[in-house]
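Peer 1:
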Amino acid sequence: MLETTLPPAVPGRLRGVAAPDADTGGRRMLAGLADGSVPDPPAAHTLALPPATSWLPGLITCETEFPEALTLTPGVVFGGWIACLVDHFAGLVMLSAIPDGVGFLTSGLHVDYHAPLVPGPVTVETELTGCSTRLAVAEVRFVQHGRTAARATVEQIIHRTAGRTAAAPAAASAGTTVTEGTGSSDA
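Going by the numbering used here, the sequence shown wraps up at 900, each residue one higher than the last.
(1) Look at L694 and A810 and say whether their C-beta atoms are less than 7 Å apart.
(2) Quick check on V850: does DSSP put it in helix, strand or coil?
(3) Can you tell me whether S820 is helix, strand or coil according to DSSP?
(4) Can you check DSSP and say which residues form a bridge with F779?
(5) Output needed for F779: all residues of its chain with C-beta closer than 6 Å, excluding positions within five of it in sequence on either side, in chain order.
(6) With burial defined as no fewer than 16 other Cβ atoms inside 10 Å of the residue's Cβ, what is the status of R740: buried or exposed?
(7) Could you give the residue range of the beta strand (DSSP E) that holds V867?
(8) Curious, which full-length beta strand (DSSP E) runs of at least 3 residues does the region 737-796 contain?
(9) Return the CA-CA distance between E838 and F855, expressed in angstroms with no decimal places.
(10) Out of T846, Q857 and G859, which has the shortest C-alpha to C-alpha gap to T874?
(11) Is G843 helix, strand or coil when you go by DSSP?
(12) Using only alpha-carbon positions, find the residue among A803, S750 and L808 that is nearest to A731.
(13) Between the Cα of V853 and the Cα atoms of F802, L769 and P733, which residue gives the shortest distance?
(14) I'd like to check one pair, I871 with P729: are the Cβ atoms closer than 7 Å?
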């Protein structure tokens with residue numbers, strides 16, 4: 714079950730985020746994905762994107778297992794798929810934090826691989842490390858066998874969406890734009 718206990722306060726340096734107890738469209742979407750009331754977006758199945766296993770505003774955690782089917786070099790998970798996961802989890806952490814009426818788009822993504830990620834258990838930790846009204850920065854860490862195997866930074870441009878038509882809630886995924894706090898699109 715997805716844990717969603719809210720912290721007492723979002724750190725002050727994150728100026729563009731919704732209040733910790735705000736009922737936002739992004740947070741409702743995360744809760745709906747967790748309880749099955751919001752279907753996974755089609756890309757989640759196509760790209761084998763694992764779901765978050767716990768979240769708080771500005772923090773997403775995923776406990777998952779990388780399958781052998783995602784290797785190109787024998788025994789090593791394809792690095793391009795890892796980059797895809799980075800963008801996916803950065804999008805989820807944005808959904809957990811931004812207020813209604815704003816959206817986001819990935820503007821930069823950098824991944825450092827410190828050790829090969831291999832098939833088997835892994836923890837993905839994503840934290841919103843900076844946020845203003847125009848730019849957010851998320852850090853994504855892949856922890857496997859007790860060490861950080863990869864670390865990534867994602868920059869997101871934040872923009873107002875007031876007046877835009879909301880897209881289907883199931884479209885939440887990496888690099889998405891939340892429209893009116895109820896859905897997303899790759900616009």
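Built from N, CA and C at the ideal position, the CB exists for glycine as well.
Peer 2: From the atom records:
(1) Because residue 694 is not part of the residues shown, which for the chain are 714 to 900, the question remains open.
(2) In the sequence shown, the residue the question calls residue 850 occupies position 137. Residue state, collapsed to three classes: strand.
(3) Mapped onto the sequence shown, residue 820 falls at position 107. Strand at S820.
(4) In the sequence shown, the residue the question calls residue 779 occupies position 66. Answer is G833, bridged to F779.
(5) Mapped onto the sequence shown, residue 779 falls at position 66. Answer for F779: V790, P832 and V835, listed in chain order.
(6) On the sequence shown, position 27 is the one that residue 740 refers to. Buried is the call here.
(7) Within the sequence shown, residue 867 is the residue found at index 154, counting from 1. Per DSSP, V867 belongs to the beta strand (DSSP E) from R860 to R873.
(8) 767-769 and 772-779
(9) For the purposes of this step, residue 838 is taken as residue 125 along the sequence shown, with counting starting at 1. For the purposes of this step, residue 855 is taken as residue 142 along the sequence shown, with counting starting at 1. Roughly 7 Å between the two C-alpha positions.
(10) To locate residue 874, count along the sequence shown from 1; it is residue 161. Of T846, Q857 and G859, the residue nearest in Cα terms is T846.
(11) In the sequence shown, residue 843 corresponds to position 130, counting from 1. In the structure shown, G843 sits in a strand (DSSP, three-state: E or B).
(12) Counting from one through the sequence shown, the residue named residue 731 turns up at place 18. Closest option to A731, Cα to Cα, is L808.
(13) Along the sequence shown, one-based indexing puts residue 853 at 140. Out of F802, L769 and P733, F802 has the C-alpha closest to the C-alpha of V853.
(14) To locate residue 729, count along the sequence shown from 1; it is residue 16. To locate residue 871, count along the sequence shown from 1; it is residue 158. The question names Pro, but residue 729 in the sequence shown is Gly. For G729 and I871, yes; Cβs fall inside 7 Å.
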